[in-house]
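Residue numbers (the numbering used here), protein chains in the order written: chain A, 807 to 1252; chain B, 5 to 156. Glycine included, every Cβ here is placed at the ideal spot set by N, Cα and C. Have a look at the structure below before the remarks.
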Amino acid sequence: MKRVFIPNRGEIALRIVQACRDLQLECVVGASEPDRDGLAARQADRVVVLGPGPAGQSYLRDDIVVQAALGTGCDAIHPGYGFLSESTRLAERAREHGLVFVGPPTEAMALAGDKLAARAEAQRAGVPVLPGGKVTSVEEARELAARIGYPVLVKAAGGGGGRGIKRIRDEGELTALIGLARSEAAAAFADDRVYVERLIESARHVEVQIAGDRNGAVVHLGERDCTVQRRYQKVIEEAPAPALAEPTRRRLREAAVALARQIGYQNLGTAEFVIDADSDSDEFFFLEVNCRIQVEHPVTEAVTGRDLVALQLRIADGSPLGFAQDDVALAGHAVECRLNAEDVTRGFMPTPGTLSLFSVPERPGLRTDTGLQPGAVVPPFYDSLLAKLIAHGDDREHAIDILLDALEDVDVEGVETNRAVLIGVLGHPDFRAAAVTTDWLERAIR
Amino acid sequence: MALSHDDVREILRIIDESELDELSIETEGFSLHVRKGGGVARAEPPQSVRSAAATRADREPPPGSPPPQADDGLIAIPSPMLGTFYRAESPGATPFVEVGAEVEPDTIVCIIEVMKMMNSVPAGVSGTVTEVCGENGQLVEYGEPLFRVRQP
């Protein structure tokens, strides 16, 4: 591997450029027209414009991405997160043309993308899944939901990442919504299969970082807690997971490794779980596998001291992991928050615009990942992430304090941000006590 | 009826997914001829052309998109998509246009290939071609000037 194509934008494109630099790999950023002057594009060896602003005409065109990678002399594609990062079409097309796709084998991607198939593999690996299953008719759904007990979730098999989920309170709602769920799933994911699962009302979201190489070695790199969410979108993440009984932590990590082995997983991935906060024993259930670098990877990097993007590139290039499970040591505690361009007073509506002022302080223990500089335009086409602030402290309190202190000095003008919400959460006694659940933030805002 | 690039792309997609090997479409002021399968002479540039193009592209980063109307009365025809630029229907064939050619908005001026999909590019403007900016067989970016045209 000599030259890596990066069809992505913002902080993650810049992050991959930096990892390439560290590994002495050349890199080419494939940007949309409004992103051609972004930080990642400027720091790369070259930038090519994939297409106009709308992602459907640029970042989501797997044909153009592969053509651009070939035409610029690249021999690998690192897709980042979002866009085509979990596209088996891109992975297949890249590999057909002799390009290394930085990600797991296509079969593992296909399996992880099919939430029902992943569920079945988890069961085979002895990993607990939520009571539920596939439903093809209203009658079947009613029968299954009655057995599980309401409330339930109806999920799209082709969904994931918080998309394609409906919360159902009773049989009336189920009858009314199951058809809609199927047609929405068909429209959004070209797959009308849906399944019903028990809804854990007091849930914590914990995910385990895994990595595997082509020799079959699999390790975990600890877990992250991403319980503070709004509409299934993560807001604050931390590592390791707080307030988790040690036996549960151990079983979670073992479950993730067992699942990775079961599906022959290679490269970096994440196994997501939901923990029932009401159960005395922190009962946990498998949710899904994510086949990409995740937004929240820096908290794991902070506590493990390992460069996960470089690890992805090295594994994709055929190198062995180079370390064993016993070599993975966790130090301190890390907390990340996502500073978004959104108007909290108007339903968290994204607020594109020009950053007349954009200043994030430097602090010992603070890392900031951003693709933006003062004067940059936040275009209306993409997600609203402005920056990730990651604090690494001796312990959880310390990390939270670093982050709070930094957030107080964050200065953004030109667009509205969620800074006040982040400060509110980090200073809240419930968050400080790690006594939050996935619905906590939305209740707290109200 | 004028076909947009998206229409062409859609047609190519449909053909690619169909059993058809060859298709000709002609509407007013527009004709499209597509062949697929192993015998697509114009689809495959020789490998040497492609790698030479890549090397050259590496040395010279392509220029930015020019303003639509330059001061000298010239207007650029920008590439409607990223892909490989071909001046003629097939290797060795006469280029669609040369310097001095008169073009109308629907005159086909080149082909942009994306993953073996041939996309015919209309001029989009009227005038006289004064410069061919794109290099045959080379990667062009979205928005990169392909030709310059002096408008009447």
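Query - When A:Ile1069, A:Ser943 and A:Gly859 are compared against Val933 (chain A), the one with the closest alpha-carbon - result: For this step, residue 933 (chain A) is matched to residue 127 along the first sequence. From the listed residues A:Ile1069, A:Ser943 and A:Gly859, the smallest Cα separation to Val933 (chain A) is found for A:Ile1069.
Requested in this report: Spell out the partners DSSP gives Ser838 (chain A) in its beta bridges.
Outcome: Within the first sequence, numbered from 1, the residue matching residue 838 (chain A) stands at position 32. Under DSSP, Ser838 (chain A) takes part in a beta bridge, and its partners are A:Gly857.
Query raised in the report: If we call anything under 8 angstroms between Cβ atoms a contact, is Gly967 (chain A) one with Arg1004 (chain A)?
Result: As a first step, residue 967 (chain A) must be located in the first sequence, where it is residue number 161. As a first step, residue 1004 (chain A) must be located in the first sequence, where it is residue number 198. Contact: no.
Query raised in the report: Are the beta-carbon atoms of Glu145 (chain B) and Val854 (chain A) separated by less than 8 angstroms?
Result: If you number the second sequence from 1, residue 145 (chain B) lands on position 141. If you number the first sequence from 1, residue 854 (chain A) lands on position 48. Yes. Within cutoff.
Requested in this report: Spell out whether any CB of chain B is found under 8 angstroms from the CB atom of Gly873 (chain A).
Outcome: For the purposes of this step, residue 873 (chain A) is taken as residue 67 along the first sequence, with counting starting at 1. Here residue 873 (chain A) is Gln; the residue named in the question, Gly, does not match the sequence. Closer than 8 angstroms: yes.
Query raised in the report: Can you find a C-beta in chain A that's less than 8 angstroms from the C-beta of Val125 (chain B)?
Result: The count along the second sequence starts at 1 and reaches residue 125 (chain B) at position 121. For Val125 (chain B), the answer is no, since every Cβ of chain A falls outside 8 angstroms of its Cβ.
Query - Interface flag, Gly147 (chain B) vs chain A, CB-CB below 8 angstroms - result: On the second sequence, residue 147 (chain B) is found 143 positions in, with the first residue counted as 1. Against chain A, the CB of Gly147 (chain B) has a partner CB under 8 angstroms away; the residue lies at that interface.
Query - Contacts that Thr88 (chain B) makes with chain D (C-beta to C-beta distance below 8 angstroms) - result: Of the protein chains in the structure, A and B, none is chain D.
Query raised in the report: Is Leu143 (chain B) close to chain A, meaning its C-beta is less than 8 angstroms from at least one C-beta of that chain?
Result: Translated into the one-based positions of the second sequence, residue 143 (chain B) becomes position 139. So, interface residue.
Query raised in the report: With distances taken between CB atoms, is the gap from Ser893 (chain A) to Asp868 (chain A) smaller than 8 angstroms?
Result: Locating residue 893 (chain A) in the first sequence gives position 87, where the first residue counts as 1. Locating residue 868 (chain A) in the first sequence gives position 62, where the first residue counts as 1. Going by C-beta atoms, Ser893 (chain A) is nearer than 8 angstroms to Asp868 (chain A).
Report task. Find the residues of chain A that neighbour Met121 (chain B), judging by a C-beta separation of less than 8 angstroms, and give them in chain order. Result -> Walking along the second sequence from the start, residue 121 (chain B) turns up at place 117. For a Cβ distance threshold of 8 angstroms, residue set Asp869 of chain A lies close to Met121 (chain B), ordered along the chain.
Query raised in the report: Listing by chain order, which chain B residues have their CB less than 7 angstroms from the CB of Leu856 (chain A)?
Result: Along the first sequence, one-based indexing puts residue 856 (chain A) at 50. The answer, in chain order, is Leu86 and Tyr146.
Query raised in the report: Can a CB atom of chain B be found closer than 8 angstroms to the CB of Glu898 (chain A)?
Result: For the purposes of this step, residue 898 (chain A) is taken as residue 92 along the first sequence, with counting starting at 1. Closer than 8 angstroms: no.
Report task. Could you tell me if Ile1251 (chain A) is buried or exposed, where buried requires 16 or more neighbouring beta carbons within 10 angstroms of its beta carbon? Result -> Within the first sequence, residue 1251 (chain A) is the residue found at index 445, counting from 1. The residue in question, Ile1251 (chain A), is exposed, as its Cβ has fewer than 16 Cβ neighbours within 10 Å.
Query raised in the report: Roughly how many angstroms lie between the CA atoms of Leu1127 (chain A) and Leu1117 (chain A), to the nearest whole one?
Result: Within the first sequence, numbered from 1, the residue matching residue 1127 (chain A) stands at position 321. Within the first sequence, numbered from 1, the residue matching residue 1117 (chain A) stands at position 311. Distance between the alpha carbons of Leu1127 (chain A) and Leu1117 (chain A) is about 8 angstroms.
Report task. Taking 8 angstroms as the cut-off, decide whether the C-beta atoms of Met119 (chain B) and Gln824 (chain A) are in contact. Result -> The count along the second sequence starts at 1 and reaches residue 119 (chain B) at position 115. The count along the first sequence starts at 1 and reaches residue 824 (chain A) at position 18. By the CB criterion at 8 angstroms, Met119 (chain B) and Gln824 (chain A) fall outside the cutoff.
Query raised in the report: Any beta-carbon of chain B closer than 8 angstroms to the one on Glu990 (chain A)?
Result: The count along the first sequence starts at 1 and reaches residue 990 (chain A) at position 184. By this cut-off, Glu990 (chain A) is not an interface position.
Query raised in the report: Mind checking if Cys826 (chain A) is an interface residue toward chain B, Cβ cutoff 8 angstroms exclusive?
Result: Position 20 of the first sequence, counting from 1, holds the residue named residue 826 (chain A). It does not; no Cβ of chain B falls within 8 angstroms.
Query - Interface flag, Val118 (chain B) vs chain A, CB-CB below 8 angstroms - result: What you label residue 118 (chain B) is simply residue 114 of the second sequence in a count that begins at 1. Output row for Val118 (chain B): interface = yes.
Query raised in the report: Hey, how far is the Cα of Arg1067 (chain A) from the Cα of Arg1098 (chain A)?
Result: For the purposes of this step, residue 1067 (chain A) is taken as the residue at position 261 of the first sequence. For the purposes of this step, residue 1098 (chain A) is taken as the residue at position 292 of the first sequence. For the pair Arg1067 (chain A) and Arg1098 (chain A), the Cα-to-Cα distance works out to about 17 angstroms.
Requested in this report: Can you tell me which of the three DSSP states Glu1248 (chain A) falls into?
Outcome: As a working mapping, residue 1248 (chain A) is identified with position 442 in the first sequence. DSSP, reduced to helix, strand and coil, places Glu1248 (chain A) within a helical segment of the structure shown.
Query - Nearest candidate by alpha-carbon position, reference Phe89 (chain B), set B:Gly138, B:Glu106, B:Gly147 and B:Gly128 - result: Here the question's residue 89 (chain B) lines up with position 85 in the second sequence. Of the listed residues, the one whose Cα sits closest to Phe89 (chain B) is B:Gly138.
Query raised in the report: When the Cβ atoms of the region 1241-1251 of chain A are set against those of the region 999-1015 of chain A, are three or more pairs found closer than 8 angstroms?
Result: Touching, per the Cβ criterion.
Report task. Determine whether the Cβ of Glu1107 (chain A) lies closer than 8 angstroms to any Cβ atom of chain B. Result -> Counted from its first residue, the first sequence places residue 1107 (chain A) at position 301. Judged by the 8 angstroms Cβ criterion, Glu1107 (chain A) is not in contact with chain B.
**Report entry** alpha helix (DSSP H) runs contained entirely in the region 851-932 of chain A, provided each spans 4 or more residues
**Finding:** Counting only unbroken stretches of 4 or more residues, the alpha helix (DSSP H) elements lying wholly within the region 851-932 of chain A are 868-877, 894-902, 912-919 and 921-930, in sequence order.
Query raised in the report: Ordered along the chain, which non-local residues of its own chain (more than five positions away) have a Cβ less than 7 angstroms from that of Asn140 (chain B)?
Result: By 1-based counting over the second sequence, the position of residue 140 (chain B) is 136. Counting only Cβ-Cβ distances below 7 angstroms, and skipping sequence neighbours, we find Phe89, Tyr90 and Arg91.
Query raised in the report: Roughly how many angstroms lie between the CA atoms of Ala900 (chain A) and Val871 (chain A), to the nearest whole one?
Result: Numbered from 1 along the first sequence, position 94 holds the residue referred to as residue 900 (chain A). Numbered from 1 along the first sequence, position 65 holds the residue referred to as residue 871 (chain A). Near 9 angstroms, if we compare the C-alpha coordinates of Val871 (chain A) and Ala900 (chain A).
Report task. Can you tell me the Cβ-Cβ gap for Val133 (chain B) and Gly104 (chain B), rounded? I've got them flagged as a contact below 8 angstroms. Result -> Here residue 133 (chain B) refers to the residue found at position 129 of the second sequence. Here residue 104 (chain B) refers to the residue found at position 100 of the second sequence. Confirmed, Cβ separation roughly 6 angstroms.
Query raised in the report: Under the three-state reduction of DSSP, which class applies to Gln155 (chain B): helix, strand or coil?
Result: The residue you call residue 155 (chain B) lines up with position 151 of the second sequence. Coil at Gln155 (chain B), not helix or strand.
Requested in this report: Pick helix, strand or coil for Ala1240 (chain A), following the three-state DSSP scheme.
Outcome: Here residue 1240 (chain A) corresponds to residue number 434 of the first sequence, with the count starting at 1. Ala1240 (chain A) sits in coil when the DSSP states are folded into three classes, being neither helix nor strand.
Query raised in the report: Which residues in the same chain as Ser1162 (chain A) place their Cβ atom closer than 8 angstroms to its Cβ, once the five residues preceding and following it in sequence are excluded?
Result: Taking the first residue of the first sequence as position 1, residue 1162 (chain A) is located at position 356. The beta carbon of Ser1162 (chain A) sits closer than 8 angstroms to those of Pro1180, Gly1181, Glu1219 and Gly1220, all from its chain and outside the five residues before and after it, given in chain order.
Query raised in the report: Since Thr132 (chain B) is in the beta strand (DSSP E), which residue starts that stretch and which ends it?
Result: Locating residue 132 (chain B) in the second sequence gives position 128, counting from the first residue. Note, Thr132 (chain B): beta strand (DSSP E), Gly131 to Val136.
Report task. Return the CA-CA distance between Tyr1038 (chain A) and Arg969 (chain A), expressed in angstroms with no decimal places. Result -> As a first step, residue 1038 (chain A) must be located in the first sequence, where it is residue number 232. As a first step, residue 969 (chain A) must be located in the first sequence, where it is residue number 163. Here the alpha carbons of Arg969 (chain A) and Tyr1038 (chain A) stand approximately 8 angstroms from one another.
**Report entry** Those residues which DSSP pairs with Leu1163 (chain A) across a bridge
**Finding:** By one-based count along the first sequence, residue 1163 (chain A) stands at place 357. Beta bridge pairing from DSSP links Leu1163 (chain A) with A:Glu1219.
Query raised in the report: In the DSSP assignment, what are the bridge partners of Lys1040 (chain A)?
Result: In the first sequence, the residue the question calls residue 1040 (chain A) occupies position 234. Residue pairing by DSSP places Lys1040 (chain A) opposite A:Gln1035 in a beta bridge.
Query raised in the report: Count the other CB atoms within 10 Å of the CB of Gly978 (chain A); is the residue buried (16 or more) or exposed (fewer)?
Result: Within the first sequence, numbered from 1, the residue matching residue 978 (chain A) stands at position 172. Burial call: exposed.
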